[in-house]
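For reference, the structure discussed in these notes is given below.
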Amino acid sequence: MSSRLQQTFAALAVARRKALIPYITAGDPAPEHTVALMHALVRGGADVIELGVPFSDPMADGPVIQLACERALKHGTGLADILDQVAEFRRDDVRTPVVLMGYLNPIETYGVAAFARRAREVGVDGVLIVDLAIEEAPDYLPELRAHGLDCIFLLAPTSPEARIETIARAASGYLYYVSLKGVTGASSLDVASVAEKLAMIRRHTALPLAVGFGIRNAAAARAIAQVADGVVVGSALVAEIERLADQPERIVPTLTERLRELRRALDDASSE
Amino acid sequence: MNYRYPDARGHFGPYGGQFVSETLMEPLRRLEAAYMRLKDDPDFLREFDEDLRDYVGRPSPLYHARHLTQRWGGAQIWLKREDLNHTGAHKINNTVGQALLAKYLGKTRIIAETGAGQHGVASATIAARLDLKCVVYMGEEDVQRQSPNVYRMKLLGAEVVPVRSGTKTLKDAMNEALRDWVTNVDDTFYVIGTVAGPHPYPMLVRDFQSVIGREVIAQSREKIGRLPDALVACVGGGSNAIGLFYPFIDEAGVAMYGVEAGGRGLQTSEHAAPLSAGKPGVLHGNRTYIMADANGQILPTHSISAGLDYPGVGPEHAWLKDSGRVTYTAVTDDEALAAFHELTRTEGIIPALESAHAIAYARQLAPRLGADRHIVVNLSGRGDKDIFTIAKLEGIQLT
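Residue numbers (UniProt numbering), protein chains in the order written: chain A, 1 to 272; chain B, 1 to 399.
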């Protein structure tokens, strides 16, 4: 049986469209908004949702997502709550894949086996653990895979070819290429070097390649969509949530609109 | 040695390892490869030894604290005088080593995290000497608490960046330094100040600091005629402790005690004692004992000593705890403060508040041992930096 992520990317490939993958932090600006925001992302044209699990020490994230984590944690958002949110989301959406993205310690504290079981049960499709390098992954992957969860891994500009090969073999769902040396939300995107690296990665894998970190607007999304299978946009959306944290009723329409802009940019890129 | 840790993947039993984002994995591999090549390279070692001797001022003395010994009425107390090193603490041993690595790797910029400011000062010092650009990340809270050290770093030409995220202390400074490193990985060397972080840092910081224990072995043979019976050191991240302990690990007759910051007491949540009251988890690139809540979020810590105010601990200490080779314990702020005053008034040595934790535990241990026993306490740093904290606690206004 193919996973929801596989089905989604297969359908996109047939339609010659690129995957739009928005990221939001669960519990930001407050837990009661998360499910509505997820639906808003889908209405705006999201193909996959990356739902961030907030962590007190998000060392790979820039200031925008750090602050999102702090807002979420102020409300005590824990992994158990986030899994409940996914369950609630699934009541109205059985089609859009949901990937949980976060750091290892909250998952390990929950218990990897218990997490994998519950994640599967509520309809999580994939897991991306930012600080779980491939070398340490053998202690975790079997449990996640046994419950049918796709294990998404990061590839970086610094990853040598042999390493990319190893990671590509362990990964499923898609591979997430980090477009720049830096943290999430940085601003030094170089499309030509991304294209070059993606070409090399494709020699080692048939998995879809998503690109993220530093894609701040529709123009950047469009440029990346010409070379990648999917575009991840996180900090640019989270910054909108931050800006509107005091007027939460405006977050859903604003995010839907941002997603539509990104969707158009991606569809333009695919039709060229 | 029979003790051979870490293993090839950087693990100390179940602890240690490399838990960082993918961008840093290759830089860590290169650092490890360079270090494995250089650690036995005669030119590198000669340069390191020369720096330790002529720049740091090593060997540091092993001082027989006769007055304390008499006062406490038990074992002989010996102080390993790391406080007499250049810049006033053991931190410089490691920064000299890592800066040399940076130079051999052709890096032009070093970054560091600092809590109390000692490691920041030690990094800024060596950067000035080697003409490296130096950026030090320091929690905003600590910038306020440790303003003399901030000024010292600036005098030395370093840029001090106040960190405003999270709890605005050492752990957040480390997050920020990791973010800088991931962004500037081509020209930048991250000088980690303690035996934490991802492999190979816990190993290489230990190796650079183990000059402390090697000297103690030679000095105690000369002065006592044998090895000491017990070693005592404070543990925050744990670099001064591992530096003292490591060369003794195979010496089964030598007891070792690591002393954590008990803050306002282990029964409260206001302490910084993950080995005594935390549990295993993953933080800052390694698996170790940490202080975290039921959701796995890292907890704020408290210690009177900024240098011990950290929710994790070096992974090798986690392993030495589980294996039973080292006994870990904690003393409270008040006990450390009393020891600070006692050492100052009895021996005329003002210790760092960090080191005062080790003194406080030695005070408990000494009377339980006979006068024919010998305890070596690592006096890891001098207390000049802490006089403002002490004065404030005692309601004295310093101008």
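Think of the CB as a built atom: it goes at the ideal place given N, C-alpha and C, for glycine as much as any other residue.
Please determine if the stretch 139–155 of chain A and the stretch 327–335 of chain B are in contact, where contact requires at least 3 C-beta pairs separated by less than 8 angstroms.
Judged by pairs of C-beta atoms under 8 angstroms, the stretch 139–155 of chain A does not touch the stretch 327–335 of chain B, as fewer than three such pairs exist.
Does the beta-carbon of Ala-8 (chain B) have 16 or more other beta-carbons within 10 angstroms, so that it is buried, or is it exposed?
Counting from 1 along the second sequence, the entry for residue 8 (chain B) is found at position 8. The residue in question, Ala-8 (chain B), is exposed, as its Cβ has fewer than 16 Cβ neighbours within 10 Å.
Could you have a look at His-86 (chain B) and say whether DSSP puts it in helix, strand or coil?
By 1-based counting over the second sequence, the position of residue 86 (chain B) is 86. Note: His-86 (chain B) maps to helix in three-state DSSP.
Is the CB-CB distance between Asp-57 (chain A) and Gly-253 (chain B) below 9 angstroms?
On the first sequence, residue 57 (chain A) is found 57 positions in, with the first residue counted as 1. On the second sequence, residue 253 (chain B) is found 253 positions in, with the first residue counted as 1. Taking 9 angstroms as the cut-off, the beta carbon of Asp-57 (chain A) is found no closer than this to the beta carbon of Gly-253 (chain B).
Are Glu-347 (chain B) and Ala-65 (chain B) closer than 9 angstroms when you measure CB to CB?
Here residue 347 (chain B) is taken as the residue at index 347 of the second sequence, counted from 1. Here residue 65 (chain B) is taken as the residue at index 65 of the second sequence, counted from 1. The answer is yes: Cβ separation under 9 angstroms.
Based on the DSSP secondary-structure assignment, which residues constitute the bridge partners of Gln-397 (chain B)?
Working through the second sequence from its first residue, we reach residue 397 (chain B) at position 397. Answer is none; Gln-397 (chain B) lacks a bridge partner.
Do you know how far the Cα of Val-259 (chain B) is from the Cα of Leu-266 (chain B)?
Taking the first residue of the second sequence as position 1, residue 266 (chain B) is located at position 266. Taking the first residue of the second sequence as position 1, residue 259 (chain B) is located at position 259. Straight-line Cα distance between these residues: approximately 13 angstroms.
Tell me the DSSP secondary structure of Gln-98 (chain B) in three-state form.
Position 98 of the second sequence, counted from the first residue, corresponds to residue 98 (chain B). Reduced to three states, the DSSP call for Gln-98 (chain B) is helix.
Check each candidate in A:Ala-13, A:Val-232, A:Asp-28, A:Ala-206 and name the one with the smallest Cα separation from Asp-246 (chain A).
For the purposes of this step, residue 246 (chain A) is identified with residue 246 of the first sequence, where counting begins at 1. It is A:Asp-28.
Coarse secondary structure for Met-25 (chain B), derived from DSSP in three states
Start at 1 with the first residue of the second sequence, and residue 25 (chain B) comes out as number 25. In the structure shown, Met-25 (chain B) sits in a helix (DSSP, three-state: H, G or I).
Based on DSSP bridge pairs, tell me the residues matched to Glu-50 (chain A).
Here residue 50 (chain A) refers to the residue found at position 50 when the first sequence is read from its first residue. The partner list for Glu-50 (chain A) (beta bridge, DSSP) reads A:Tyr-23, A:Val-99.
Return the bridge partner residues of Val-185 (chain B) from the DSSP annotation.
Here residue 185 (chain B) corresponds to residue number 185 of the second sequence, with the count starting at 1. Beta-bridge pairing links Val-185 (chain B) to no other residue.
Cβ of Val-185 (chain B) less than 9 angstroms from any chain A Cβ?
Reading the second sequence from its first residue, position 185 is the one you call residue 185 (chain B). By this cut-off, Val-185 (chain B) is an interface position.
Please classify Asp-250 (chain B) as buried or exposed, where buried requires at least 16 other C-beta atoms within 10 Å of its C-beta.
Counting from 1 along the second sequence, the entry for residue 250 (chain B) is found at position 250. In the assembly as shown, Asp-250 (chain B) is an exposed residue. Its beta-carbon has fewer than 16 other beta-carbons within 10 Å.
Which residues, taken in chain order from the stretch 14–35 of chain B, show a beta carbon closer than 8 angstroms to some beta carbon of chain A?
Correct list: Gly-17, Gln-18, Phe-19, Val-20, Ser-21, Glu-22, Thr-23, Leu-24, Met-25, Glu-26, Pro-27.
Count Cβ pairs between the stretch 121–134 of chain B and the stretch 64–83 of chain B that sit closer than 8 angstroms; are there 3 or more?
Counting Cβ pairs under 8 angstroms, fewer than three are found: no touch.
Where the stretch 176–191 of chain A meets chain B: residues whose CB sits under 8 angstroms from a CB there
Along the stretch 176–191 of chain A, going in chain order, the ones with a CB nearer than 8 angstroms to a CB of chain B are Val-178, Lys-181, Gly-182, Val-183, Ala-186.
In DSSP terms, what Ala-330 (chain B) is bridged to
Numbered from 1 along the second sequence, position 330 holds the residue referred to as residue 330 (chain B). Note: Ala-330 (chain B) sits in a beta bridge opposite B:Glu-260.
Does the beta-carbon of Thr-332 (chain B), which I'm using as the reference point, lie nearer than 8 angstroms to any heavy atom of the ligand FAD?
In terms of ligand content, the structure shown is empty, and the ligand FAD therefore cannot be addressed.
Would you give the residue range spanned by the beta strand (DSSP E) that Met-138 (chain B) belongs to?
Your numbering for residue 138 (chain B) matches position 138 in the second sequence. Taken as a continuous stretch (DSSP letters only), the beta strand (DSSP E) holding Met-138 (chain B) covers 133–139.
Per DSSP, which residues does Asp-150 (chain A) bridge with? Please list them.
Numbered from its first residue, the first sequence carries residue 150 (chain A) at position 150. DSSP lists A:Gly-126 as partners of Asp-150 (chain A).
Chain B contact for Tyr-174 (chain A) (CB, 9 angstroms cutoff)
The residue given as residue 174 (chain A) occupies position 174 in the first sequence. Under the 9 angstroms criterion on CB atoms, Tyr-174 (chain A) is classed as non-interfacial with respect to chain B.
Would you mind sorting Gly-111 (chain A) into buried or exposed? The rule is 16 or more other CB atoms within 10 Å of its CB.
As a working note, residue 111 (chain A) is residue 111 in the first sequence. Its Cβ having fewer than 16 others within 10 Å, Gly-111 (chain A) is exposed.
With C-beta atoms as the reference, is Thr-288 (chain B) less than 9 angstroms away from Gly-262 (chain B)?
For the purposes of this step, residue 288 (chain B) is taken as the residue at position 288 of the second sequence. For the purposes of this step, residue 262 (chain B) is taken as the residue at position 262 of the second sequence. In this structure, Thr-288 (chain B) keeps its C-beta atom at 9 angstroms or more from the C-beta atom of Gly-262 (chain B).
Need the endpoints of the beta strand (DSSP E) that Phe-19 (chain B) sits in, please.
Reading the second sequence from its first residue, position 19 is the one you call residue 19 (chain B). Start and end: 15–19.
Spatial neighbours of Asp-172 (chain B) in its chain, beta-carbon cut-off 7 angstroms, leaving aside the 5 residues before and after:
Residue mapping note: residue 172 (chain B) aligns to position 172 of the second sequence, counting from 1. Taken in chain order, the residues that qualify are Gly-139, Val-163, Ser-165, Gly-166.
With distances taken between CB atoms, is the gap from Val-64 (chain A) to Thr-184 (chain A) smaller than 9 angstroms?
On the first sequence, position 64 is the one that residue 64 (chain A) refers to. On the first sequence, position 184 is the one that residue 184 (chain A) refers to. Yes, the Cβ-Cβ distance between Val-64 (chain A) and Thr-184 (chain A) is below 9 angstroms.
Chain A contact residues for Gly-166 (chain B), given Cβ-Cβ distances below 8 angstroms
Position 166 of the second sequence holds residue 166 (chain B). Within 8 angstroms Cβ-Cβ: Ser-56, Asp-57, Gln-66, Glu-70.
What residues from chain A crowd round Ala-292 (chain B), counting only those whose CB sits closer than 7 angstroms?
In the second sequence, counting from the first residue as 1, residue 292 (chain B) sits at position 292. Chain A residues near Ala-292 (chain B): Asn-105, Thr-109.
Which same chain residues end up closer than 7 angstroms to Ile-192 (chain B) when comparing Cβ atoms and leaving out the 5 residues on each side of it in sequence?
Along the second sequence, read from residue 1 onward, the residue named residue 192 (chain B) stands at position 192. Within the same chain, Ile-192 (chain B) has close Cβ partners Tyr-201, Val-205.
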